[in-house]
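Participant:
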Amino acid sequence: MCLCALCRNFGSFRTPQPVPFVYVMSQRIATLVVFSILLLGCATYEPPRDINTPYTFPNRGGDGPAVKPPPPTTRVFVSNALIKLGIDPNLGGAITYLSEANGTNMINNHDYGRQVQNSLYSGPVPYEPNGQKPHPAWATNGWNPVQVGDYSGTPARSIEWRKIDSTHLYTKATGIQWPLVNVPGECTMEHWYELRDNTVRVRSRTTVQRTDTSFYNPSYQETPSVYLNGPYHRFVSYQGDRPFTNDAISDRTFTNKSEVQYCSENWAAIVNGQGRGIGLYKPNEFNWGGGFWGSSQTGDEYDNATGYVAALPVDQMDYNGVYEYEYVLIVGSVNTIRQFAYSQPRPRNTPDFVFDTGRKGWSYFNTRDQGWPIQTTLNVRWEGLRPDRFRVASPFMFVPASNVPRLYIQAAFSTNATSAHLIWTRQGDNDFRHKPNQELDFPIIGDGQMRVYEIDLSRVASWQGVISRIGLEPTSIEGLQKGGLMRLKSVTTTRP
Numbered sequence: 005m006c007l008c009a010l011c012r013n014f015g016s017f018r019t020p021q022p023v024p025f026v027y028v029m030s031q032r033i034a035t036l037v038v039f040s041i042l043l044l045g046c047a048t049y050e051p052p053r054d055i056n057t058p059y060t061f062p063n064r065g066g067d068g069p070a071v072k073p074p075p076p077t078t079r080v081f082v083s084n085a086l087i088k089l090g091i092d093p094n095l096g097g098a099i100t101y102l103s104e105a106n107g108t109n110m111i112n113n114h115d116y117g118r119q120v121q122n123s124l125y126s127g128p129v130p131y132e133p134n135g136q137k138p139h140p141a142w143a144t145n146g147w148n149p150v151q152v153g154d155y156s157g158t159p160a161r162s163i164e165w166r167k168i169d170s171t172h173l174y175t176k177a178t179g180i181q182w183p184l185v186n187v188p189g190e191c192t193m194e195h196w197y198e199l200r201d202n203t204v205r206v207r208s209r210t211t212v213q214r215t216d217t218s219f220y221n222p223s224y225q226e227t228p229s230v231y232l233n234g235p236y237h238r239f240v241s242y243q244g245d246r247p248f249t250n251d252a253i254s255d256r257t258f259t260n261k262s263e264v265q266y267c268s269e270n271w272a273a274i275v276n277g278q279g280r281g282i283g284l285y286k287p288n289e290f291n292w293g294g295g296f297w298g299s300s301q302t303g304d305e306y307d308n309a310t311g312y313v314a315a316l317p318v319d320q321m322d323y324n325g326v327y328e329y330e331y332v333l334i335v336g337s338v339n340t341i342r343q344f345a346y347s348q349p350r351p352r353n354t355p356d357f358v359f360d361t362g363r364k365g366w367s368y369f370n371t372r373d374q375g376w377p378i379q380t381t382l383n384v385r386w387e388g389l390r391p392d393r394f395r396v397a398s399p400f401m402f403v404p405a406s407n408v409p410r411l412y413i414q415a416a417f418s419t420n421a422t423s424a425h426l427i428w429t430r431q432g433d434n435d436f437r438h439k440p441n442q443e444l445d446f447p448i449i450g451d452g453q454m455r456v457y458e459i460d461l462s463r464v465a466s467w468q469g470v471i472s473r474i475g476l477e478p479t480s481i482e483g484l485q486k487g488g489l490m491r492l493k494s495v496t497t498t499r500p
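In my numbering, the protein residues as written are 5 to 500.
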């Protein structure tokens, strides 16, 4: 199914040499397609130089792998007066059915890459366990466990499931590698489902148990991906700079493609011509995917035509990590979906991170930390693991620059370098590509002592508008000593 190893090397570093990039969309139905995407807005996306971006597209015929029809379903249902939910314990416990109380199923089940499910990504690329080659259409996905089944039609192995009561379900399954045939995912995926009014509240936990202990660059993760039937062809979201003000929404229809979008109210939806469908809400998530494939905007759950929405955080997948998140599916009109998001706690609007219990969504390009579990600080190598630059970067955010006149970095550097870069992207930027006016050098002392570095941004002309990410990188990699280290304790807007 899945989306992307999309940001396997996320982030666009300023490397001098270009690298080929493919963005393979989440849908494992066949042929690999190379395409342009939108990242952080609606301008045409130019692939960054350090990102490998595969997506899996639906089969439109031709030379893609054959689609194996799904077997008869073994669904378990819960329902209330407003909606009906079905999961399939034999398909990883994934959501395979969701409808309004007296409606038809909106979830697409054309193959095992659809449904509502986890799809996670890491290296190596390609991933060839015991010599088995991935299907060429998804060779760039790398290590790519999914919840339901692989491209050949082999289902994931169920470990346990329970219908707790009339509104709660629990499932546990072994993930399976989408691009390969019957290869376990080296992880277990647990899901807790709760029916509440017109919503499905979901908690997801993936426990990774890889034999390969390497530390790979981060990727976009589909958490989750949602595929609906052909009539649900409109991708609706809010992408402006005045979130939670009932400002005008974006309403788009795609034709056999997907795009990555910056959605500033933490929700996006796929709806039909009447404006009804399913919305996906994920707290503090600003990076989203949307798309549509098919020859017509018609069809039922086993037809090929499908609309797509996914939350796409950039995350590092440790070989022994535990990856948890929550999301909500909202059934109804666009206004109902949006008002649900408005009823939730507001997302962060300042870049305040204390790394006491984890990375807090931060990730690394061309460097690494001490690995899972994270305690007290991020112990990041202040040296490149490849002969180009390296970076430590925040998750996507919505931060009005005016909220942050100063930034405080609490860190200890063990390095011969005497300065570092603070870098940032703004709403509408594609990535961290070299922008001389969106970086600021600050002095550091490389003696290994913990200090608070105060950075005055109030007079920086390019610190304006909406800041979507921040990052730290070396001023230069020339002459950096081996064994350099940064112990990063916090990044905050008030002095710690």
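Built from N, CA and C at the ideal position, the CB exists for glycine as well.
The structure presented is a predicted model; accordingly, all values stated were derived computationally and were not measured.
Taking the Cβ atom as the reference point for each residue, do asparagine 122 and valine 212 lie within a distance shorter than 8 angstroms?
Facilitator: Result no, Cβ atoms of asparagine 122 and valine 212 do not sit closer than 8 angstroms.
Participant: Consult DSSP for glycine 135 and reduce its assignment to one of helix, strand or coil.
Facilitator: Of the three classes helix, strand and coil, the one that applies to glycine 135 here is helix, per DSSP.
Participant: Can you tell me whether DSSP reads valine 206 as helix, strand or coil?
Facilitator: Three-state DSSP puts valine 206 in a strand.
Participant: Within 10 Å of its beta-carbon, does asparagine 441 have 16 or more other beta-carbons around it, so buried, or fewer, so exposed?
Facilitator: Flag for asparagine 441 reads exposed.
Participant: My assumption, with CB atoms under 8 angstroms, is that serine 156 sits in contact with valine 185. Please give the rounded CB distance.
Facilitator: Between valine 185 and serine 156 the Cβ distance is about 5 angstroms, and since that is below 8 angstroms, they are a contact.
Participant: Which residue spans inside the region 255-313 form an unbroken beta strand (DSSP E) run of at least 3?
Facilitator: Those beta strand (DSSP E) runs which fall completely within the region 255-313 and span 3+ residues are 261-266, 271-275, 280-285 and 291-297.
Participant: Would the beta-carbon of valine 222 fall within 8 angstroms of that of tyrosine 327?
Facilitator: Reading off the sequence, residue 222 comes out as proline, not valine. Not closer than 8 angstroms, so no.
Participant: By alpha-carbon positions, which one of Cys267, Trp165 and Pro478 ends up nearest to glycine 388?
Facilitator: Per the Cα distances, Pro478.
Participant: If we call anything under 8 angstroms between Cβ atoms a contact, is glycine 234 one with glutamine 181?
Facilitator: No; because the gap between Cβ atoms is not below 8 angstroms, this pair is not in contact.
Participant: Does the distance from the CB of glycine 295 to the CB of glutamate 330 come in under 8 angstroms?
Facilitator: No, they are not a contact pair.
Participant: Check for me: the beta strand (DSSP E) holding glutamine 181 runs from which residue to which?
Facilitator: Where glutamine 181 is concerned, the enclosing beta strand (DSSP E) stretches over 172-181.
Participant: Can you give me the C-alpha to C-alpha distance between valine 97 and leucine 284, rounded to a whole angstrom?
Facilitator: Here the sequence assigns glycine to residue 97, which means valine is not the residue at that position. For glycine 97 and leucine 284, the distance between alpha carbons rounds to 19 angstroms.
Participant: Please classify valine 338: does DSSP put it in a helix, a strand, or coil?
Facilitator: Valine 338 falls in the helix class under three-state DSSP.
Participant: Just checking, does the region 411-424 make contact with the region 489-497 on the three C-beta pairs under 8 angstroms criterion?
Facilitator: In short, these stretches touch, since the Cβ pair count reaches three.
Participant: Taking DSSP as the reference, what is the three-state secondary structure of threonine 145?
Facilitator: Note on identity: in this sequence residue 145 is asparagine, with threonine being the wrong assignment. Helix.
Participant: Taking 8 angstroms as the threshold, find out whether the region 422-431 comes into contact with the region 299-317 through three or more Cβ pairs.
Facilitator: Result no; under three Cβ-Cβ pairs closer than 8 angstroms.
Participant: Look at glycine 279 and valine 338 and say whether their C-beta atoms are less than 8 angstroms apart.
Facilitator: Result yes, Cβ atoms of glycine 279 and valine 338 sit closer than 8 angstroms.
Participant: Where glutamine 485 and threonine 419 are concerned, what is the direct C-alpha to C-alpha distance, given to the nearest angstrom?
Facilitator: Going from the Cα of glutamine 485 to the Cα of threonine 419 covers about 7 angstroms.
Participant: Reducing DSSP to helix, strand and coil, say where asparagine 420 ends up.
Facilitator: Asparagine 420: coil per DSSP, three-state reduction.
Participant: Per DSSP, valine 129 is paired with what?
Facilitator: Partner(s): none; valine 129 has no beta bridge.
Participant: Please report the distance separating the alpha-carbon of leucine 444 from that of arginine 491.
Facilitator: Their Cα atoms are separated by approximately 20 angstroms.
Participant: How many angstroms separate the CA atom of proline 404 from the CA atom of glutamate 132?
Facilitator: Computed Cα separation, rounded: 44 angstroms.
Participant: Would valine 120 be called buried (16 or more neighbouring beta carbons within 10 Å of its own) or exposed?
Facilitator: That one is buried.
Participant: Please name the residue or residues paired with tryptophan 376 in a DSSP beta bridge.
Facilitator: DSSP lists no partner for tryptophan 376.
Participant: I think tyrosine 236 touches serine 268, with their Cβ atoms under 8 angstroms apart; what is that distance to the nearest whole Å?
Facilitator: No, tyrosine 236 and serine 268 are not in contact; Cβ-Cβ is about 23 angstroms, not under 8 angstroms.
Participant: With DSSP run on the structure shown, which of helix, strand or coil describes serine 218?
Facilitator: Coil, per DSSP.
Participant: Starting from proline 478, trace the beta strand (DSSP E) in both directions and tell me its first and last residue.
Facilitator: 470-478 is the extent of the beta strand (DSSP E) around proline 478.
Participant: Please state the DSSP three-state secondary structure of tyrosine 197.
Facilitator: Residue state, collapsed to three classes: strand.
Participant: Which value, in whole angstroms, describes the spacing of the CA atoms of phenylalanine 81 and glycine 281?
Facilitator: If you take the alpha carbons of phenylalanine 81 and glycine 281, they lie about 19 angstroms apart.
Participant: Name the residue from Pro188, Asp307, Gln453 and Ser208 whose alpha carbon lies nearest to the alpha carbon of tyrosine 197.
Facilitator: That would be Ser208, whose Cα lies nearest to the Cα of tyrosine 197.
Participant: Rounding to the nearest angstrom, what Cα-Cα distance links isoleucine 91 and tryptophan 467 in this structure?
Facilitator: Roughly 47 angstroms between the two C-alpha positions.
Participant: Who are the Cβ neighbours of tryptophan 4 in its own chain at under 6 angstroms, not counting the five residues just before and after it?
Facilitator: Lying outside 5 to 500, the shown extent of the chain, residue 4 is not represented and no answer is given.
Participant: Quick one: is lysine 286 buried, meaning 16 or more other Cβ sit within 10 Å of its Cβ, or exposed?
Facilitator: By the neighbour-count rule (16 or more Cβ atoms within 10 Å), lysine 286 is buried.
Participant: Where DSSP assigns a beta bridge to leucine 89, which residues make up the other side?
Facilitator: Answer is Val82 and Leu102.
Participant: Beta carbon of phenylalanine 248, beta carbon of arginine 350: below 8 angstroms?
Facilitator: Contact: yes.
Participant: Mind reading off the beta-carbon distance from asparagine 202 to valine 335? Whole number of angstroms is fine, and I expect it under 8 angstroms.
Facilitator: Going by Cβ atoms, the distance from asparagine 202 to valine 335 rounds to 5 angstroms, so yes, they are a contact pair.
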